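Numbering (our numbering), first residue to last: 780 to 935.
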């Protein structure tokens with residue numbers, strides 16, 4: 780096999796085999812996502828978790844993988860929300876024990892400044908992907924758009 784092809788495969792994190800005049804790529808390294816992107820991916824999976832089909836399975840598996848990948852980031856985010864946020868007040872007027880940050884407040888600006896470093900750290904989670912064909916009629920258009928990162932063309 781050509782050394783250039785082997786080098787390219789190594790750089791991609793892939794393995795290749797030669798079959799006649801073509802290269803069959805067996806494994807390619809997973810996509811790279813930032814902690815901030817993975818946090819949004821977790822939000823997009825939430826409405827799918829109660830499903831009892833392949834979509835629900837993919838949502839549950841990917842939720843577990845994403846939580847594991849960005850666990851430290853989510854912990855730091857919560858610490859910063861507690862640090863810069865204000866106590867959340869329930870409908871009865873008493874504190875709920877949670878904190879929240881209002882967009883535009885001084886606390887929000889400080890929060891954004893500190894969380895940025897952590898939000899931009901990249902990971903390569905091994906996510907479960909399903910084909911667009913498998914979700915037609917099972918997911919709404921909005922759900923498909925929100926979870927497009929876990930959908931692939933053709934067979935999964």
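Virtual Cβ for every residue (Gly too), placed ideally from N, Cα, C. Keep in mind that this is a model prediction, so the values were computed, not measured.
### Task
Tell me, please, whether the region 858 to 872 touches the region 829 to 839 by the rule of three or more beta-carbon pairs shorter than 8 Å.
Result no; under three Cβ-Cβ pairs closer than 8 Å.
### Pair within 7 Å by beta-carbon distance, residue 890 and residue 863
For residue 890 and residue 863, yes; Cβs fall inside 7 Å.
### Query
Taking just the CA atoms, how far does residue 865 sit from residue 926?
Going by the C-alpha atoms only, they are around 32 Å apart.
#### Entry: Sufficient close CB pairs (3 or more, under 8 Å) joining the region 850 to 859 to the region 890 to 908
Yes: at least three Cβ pairs fall under 8 Å.
### Limits of the alpha helix (DSSP H) - the one that residue 913 falls within
Residues 911 to 914.
### Cross-strand partners of residue 812 (DSSP beta bridge)
In DSSP, residue 812 forms a bridge with 902.
### Task
Please name the residue in 819, 892, 881 whose C-alpha comes closest to that of residue 846.
By alpha-carbon distance to residue 846, the top candidate from 819, 892, 881 is 819.
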